[in-house]
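In what follows, a structure is listed as structure tokens, so that the remarks can point back to it.
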Amino acid sequence: MAIPRSYLFVPGNRPDRFAKAASAGAGAVIFDLEDAVSHEAKDDARAHVMQWFAEGGEGIVRINGLDTPWHDEDVAALRDISAEIMVPKAAPAGMADVAARLPGRPLLALVETVAGFAALRDTVNAAGLTRLAFGNLDFSADARIPEGGYGLDHARFELVLASRLGGLLPPIDGVTTALSDPEAIRRDVRHARSMGFGAKLCIHPAQVAPVNAGFAPSNEEVVWARRVIAALEGANGAAVQLDGKMIDRPLIDHARHILENVDPA
358 MAIPRSYLFV PGNRPDRFAK AASAGAGAVI FDLEDAVSHE AKDDARAHVM
408 QWFAEGGEGI VRINGLDTPW HDEDVAALRD ISAEIMVPKA APAGMADVAA
458 RLPGRPLLAL VETVAGFAAL RDTVNAAGLT RLAFGNLDFS ADARIPEGGY
508 GLDHARFELV LASRLGGLLP PIDGVTTALS DPEAIRRDVR HARSMGFGAK
558 LCIHPAQVAP VNAGFAPSNE EVVWARRVIA ALEGANGAAV QLDGKMIDRP
608 LIDHARHILE NVDPA
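Just so you know, we're using the working numbering here: the sequence shown kicks off at 358 and counts up by one.
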């Protein structure tokens with residue numbers, strides 16, 4: 358997949374899980390130095406992750422936030438590897454700090470606080486930013502919105518709009534905590550995709566396959582997209598009717614977006 362649909366977290370202090378995570382079929386693996394790692398294990402986790410990359414491994418590194426005592430060492434260690442970086446509690450100051458110290462590095466912004474959403478229009482202009490991700494659990498707690506509350510969908514829509522304004526890839530939805538309920542992940546993927554998301558954070562390898570499948574264009578969508586493009590190209594840009602519906606120029610852009618996300622044969 359050219360554009361990742363699934364991002365699988367693996368704790369940085371569990372090198373025994375690194376290879377398994379890398380072979381789980383995720384679009385990208387996020388080696389976590391932040392929430393998944395206890396304070397006393399931070400240094401060991403950083404060393405394990407740096408070794409993974411030094412030995413030819415690939416992935417993304419979620420560093421500790423600007424307001425923590427581990428941030429500076431995380432950023433300093435990342436100078437020696439080419440990993441993409443996920444910035445937690447994303448806000449303009451933290452994004453600017455990483456971009457200035459690691460110029461040219463691709464960044465993912467994990468937006469997960471009320472303050473982060475308030476500054477979203479500035480965050481999308483950060484140097485190196487490629488994609489926004491929703492930290493739904495932390496945001497739910499910070500905003501005092503029950504998990505699954507309607508207020509979370511308002512936040513999701515803000516991420517979609519900000520991504521479009523910033524010319525970014527469609528955003529990444531937050532995690533589904535239910536590990537023993539396969540329908541829960543499929544339901545959450547359908548919901549996120551209906552809101553304009555293009556990927557999802559995963560916390561278990563078993564979530565990867567349904568996430569990849571859920572964000573892939575369906576056969577029906579692909580057939581529709583090809584018919585739309587054929588109809589409009591034959592009309593030299595004029596609006597046409599297809600299956601009794603009016604089809605015009607904006608829909609060809611949507612159709613092309615669908616076809617760009619089809620997996621290679």
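A virtual CB, placed ideally from N, CA and C, is assigned to each residue, including glycine.
Among the options, the one whose alpha carbon lies nearest that of residue i
| i | options | result |
| --- | --- | --- |
| Phe514 | Trp409, Ala376, Gly553 and Lys399 | Gly553 |
| Ala635 | Leu464, Leu435, Ala556 and Arg583 | The requested residue 635 does not occur in the structure, where the chain is confined to residues 358 to 622. |
| Ile438 | Pro527, Glu412 and Pro449 | Glu412 |
| Arg374 | Arg543, Pro562 and Ile529 | Pro562 |
| Asp479 | Asp510, Ser380, Gly506 and Ser520 | Ser520 |
| Asp392 | Gly416, Asn421, Thr534 and Pro503 | Asn421 |
| Ala476 | Ala549, Glu577, Pro503 and Leu516 | Leu516 |
| Ala385 | Leu365, Val468 and Asp495 | Leu365 |
| Arg488 | Arg501, Phe474, Ala457 and Gly523 | Gly523 |
| Pro361 | Asp600, Asp510, Ala570 and Ala402 | Ala570 |
| Asp400 | Ala376, Pro426, Gly414 and Ser380 | Pro426 |
| Asn370 | Ala588, Ala456, Asn618 and Val394 | Val394 |
| Pro449 | His511, Val532, Ala588 and Ala466 | Ala466 |
| Arg458 | Pro527, Ala535 and Ile442 | Ile442 |
| Asp510 | Gly492, Pro368 and Ala440 | Gly492 |
Rounded straight-line distance, which links the Cα of residue j to that of residue i
| i | j | result |
| --- | --- | --- |
| Ala433 | Gln598 | 58 Å |
| Ala398 | Ala498 | 25 Å |
| Asp431 | Ala612 | 41 Å |
| Leu423 | Asp530 | 23 Å |
| Phe572 | Ala383 | 12 Å |
| His428 | Ile604 | 51 Å |
| Arg544 | Ala490 | 19 Å |
| Gly555 | Arg583 | 20 Å |
| Leu486 | Gly508 | 25 Å |
| Met358 | Asp620 | Low local confidence applies: a pLDDT of 46 at Met358 is under 50, so the model's placement there is unreliable, with the coordinate-based value given in what follows. Taking the straight line from one Cα to the other gives about 6 Å. |
| Gly505 | Phe474 | 18 Å |
| Phe418 | Glu577 | With the sequence shown as reference, residue 418 is identified as Val, and Phe is not the correct amino acid for it. In a straight line, the C-alpha of Val418 is about 36 Å away from that of Glu577. |
| Met452 | Ala483 | 6 Å |
| Ala447 | Arg462 | 16 Å |
Beta bridge counterpart(s) of residue i as assigned by DSSP
| i | result |
| --- | --- |
| Gln408 | Gln408 pairs with nothing; no bridge assigned. |
| Ala490 | Leu467 and Ile529 |
| Pro368 | Asp389 |
| Gln598 | Met603 |
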